[in-house]
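> Protein chains in written order, with UniProt numbering: chain A, 1 to 130; chain B, 1 to 130.
A virtual CB, placed ideally from N, CA and C, is assigned to each residue, including glycine.
In this text the structure is predicted, and so the values were computed from the model without any measurement.
There are 2 protein chains.
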Amino acid sequence: MEAAIVKEPETDHPCSENACAAGVSGIRDAVYVLNGKWKLPLIFTLTEGPKRFKDIQRSLGDITPKILSKELKELELNEFVVRTVYSTTPVTVIYELTPYSKSLKQVLHELRDWGINHRQRIVNSRKTKQ
Amino acid sequence: MEAAIVKEPETDHPCSENACAAGVSGIRDAVYVLNGKWKLPLIFTLTEGPKRFKDIQRSLGDITPKILSKELKELELNEFVVRTVYSTTPVTVIYELTPYSKSLKQVLHELRDWGINHRQRIVNSRKTKQ
DNA sequence: GATACCGGTATCCTTTGGGATAGTAATATC
DNA sequence: GATATTACTATCCCAAAGGATACCGGTATC
Chain A
1 MEAAIVKEPE TDHPCSENAC AAGVSGIRDA VYVLNGKWKL PLIFTLTEGP
51 KRFKDIQRSL GDITPKILSK ELKELELNEF VVRTVYSTTP VTVIYELTPY
101 SKSLKQVLHE LRDWGINHRQ RIVNSRKTKQ
Chain B
1 MEAAIVKEPE TDHPCSENAC AAGVSGIRDA VYVLNGKWKL PLIFTLTEGP
51 KRFKDIQRSL GDITPKILSK ELKELELNEF VVRTVYSTTP VTVIYELTPY
101 SKSLKQVLHE LRDWGINHRQ RIVNSRKTKQ
């Protein structure tokens, strides 16, 4: 993982509709920072409040520590998450969302609802098929 | 790509908060079907109306035909996209969104806005750093 | 006859994502 | 003294994602 936080701006693709390119690259930019299997679930679970490493691991179900560690570092780099160490014994490490990542609230909300609904749709369609 | 359209339901992780697990797996389910670099941009570009293979390729900027073909097939399987062949000479192939995929409208809308905003934020922060 | 367009395939390759497993120091608990 | 917990890191490995390049048949255009 390099220090690069955003990829370079898209080469402007010639596009007949003006709004088109802007819309597509908006989506692409979002997908670029929120890529992978874990970032959105991870951010979502932190919307419930600050959590410790192990707690996050439990919330997410089956993420390995290596992956979780990597994801958290990327989210720190991109200023979604802040990591704080408390000198208790043993040390306590707290991860919490930055104010900026609150801007993802609507996205997460919509995505969660859609996901829940989508699963239900599949379950129903399986039932009617039998 | 097998016929599997959804992964099996999450093993229920024991989770103190009730809403927690549901929220996280909602997100995970959504991410599971919308994974990768291209699916969301692809669906988004089709919200502008039905398009031909080459047109989609142009809208997306730099996707190779192999990848585009694969993504379209997956979206067909998951009932987001319908492919129609017209017997013109040469044949015309039209891809368009299903009514179901219209349910992604809010998600796409939020994500696009967020992405546009996020890029602007980065650009600004680069300026102030110089 | 050469070139270009359309809707893809085929082949090859590199990168990454992500999982499995083990181990670490420091402390607390039985 | 053995075991558990926390917050990780290290090592190894595999599969999937995705890109580069070339090519195909059919048609239209120059």
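1. Which one or two residues does DSSP pair with R52 of chain A in a beta bridge?
2. Interface residues of chain A around P41 of chain B at Cβ under 8 Å?
3. Does any residue of chain A have a CB that is nearer than 8 Å to the CB of residue 134 of chain B?
4. Kindly list the residues whose CB is nearer than 6 Å to the CB of V82 of chain B, restricted to its own chain and excluding five residues on each side of it in sequence; keep chain order.
5. Is it buried or exposed, G26 of chain B, if we count other Cβ atoms within 10 angstroms and call 16 or more buried?
6. Using CA coordinates, which residue listed in B:T47, B:E110 and B:R119 is at the minimum distance from F80 of chain B?
7. So which residues on chain A does E110 of chain B lean against when the C-beta distance must stay under 7 Å?
8. For the alpha helix (DSSP H) that T45 of chain A lies in, which residues bound it at each end?
9. Would you say F80 of chain B lies against chain A (beta-carbon separation less than 8 Å)?
10. Span of the alpha helix (DSSP H) holding residue 196 of chain B?
11. Let me make sure I understand the geometry here. Which of A:L77, A:H118, A:R52 and A:P50 has the alpha-carbon closest to that of L34 of chain A?
12. By Cβ distance below 7 Å, which residues in the same chain neighbour V91 of chain B in space, the five residues on each side in sequence not counted?
13. Compute the Euclidean distance between the alpha carbons of G23 of chain A and K66 of chain A, then round it to the nearest angstrom.
14. Applying the 10 Å Cβ sphere with the 16-neighbour rule, what's the burial state of G115 of chain B?
15. For the beta strand (DSSP E) that T84 of chain A lies in, which residues bound it at each end?
16. Under 8 Å between C-beta atoms, does T45 of chain B make it to chain A?
17. Please tell me whether I56 of chain B has its Cβ less than 8 Å away from any Cβ of chain A.
18. Consult DSSP for I63 of chain A and reduce its assignment to one of helix, strand or coil.
19. How about I116 of chain B: is its C-beta nearer than 8 Å to some C-beta of chain A?
20. Reducing DSSP to helix, strand and coil, say where G36 of chain A ends up.
21. What whole-angstrom Cβ distance do K37 of chain A and V93 of chain B have, given they're in contact under 8 Å?
22. Pull out every residue of the region 72 to 104 of chain A whose Cβ sits closer than 7 Å to any Cβ of chain B, in chain order.
23. Give the straight-line distance between the Cα atoms of S101 of chain A and H118 of chain B, rounded to the nearest whole angstrom.
24. If I'm right that L60 of chain B touches P41 of chain B with Cβ under 8 Å, what's the distance once you round it to whole angstroms?
25. Closest Cβ-Cβ distance between N124 of chain B and chain A: below 8 Å?
26. Can you give me the C-alpha to C-alpha distance between C15 of chain B and K129 of chain A, rounded to a whole angstrom?
27. Report the neighbours of K37 of chain B on chain A: residues whose CB is nearer than 9 Å to its CB, in chain order.
28. Since I56 of chain B contacts L104 of chain B with CB under 8 Å, what's their CB separation in whole angstroms?
Reading off the structure:
1. A:I94
2. V24, I27, R28 and V31
3. Here chain B has residues from 1 to 130 only, and residue 134 of chain B is not among them.
4. E96 and T98
5. buried
6. B:T47
7. Q106, V107 and E110
8. K39 to L46
9. no
10. Nothing can be reported for residue 196 of chain B: it is not among the residues displayed for chain B, which extend from 1 to 130.
11. A:L77
12. V85
13. 35 Å
14. buried
15. V81 to Y86
16. yes
17. no
18. coil
19. yes
20. coil
21. Not quite, the Cβ-Cβ distance comes to about 32 Å (not below 8 Å), so this is no contact.
22. S103 and L104
23. 10 Å
24. 6 Å
25. no
26. With a pLDDT of only 40 at C15 of chain B, under the threshold of 50, the placement of this residue in the model should not be trusted; the figure read from the coordinates follows. Between C15 of chain B and K129 of chain A, the C-alpha separation is close to 32 Å.
27. R28, V31, Y32 and N35
28. Not really, about 17 Å apart at Cβ, beyond 8 Å.
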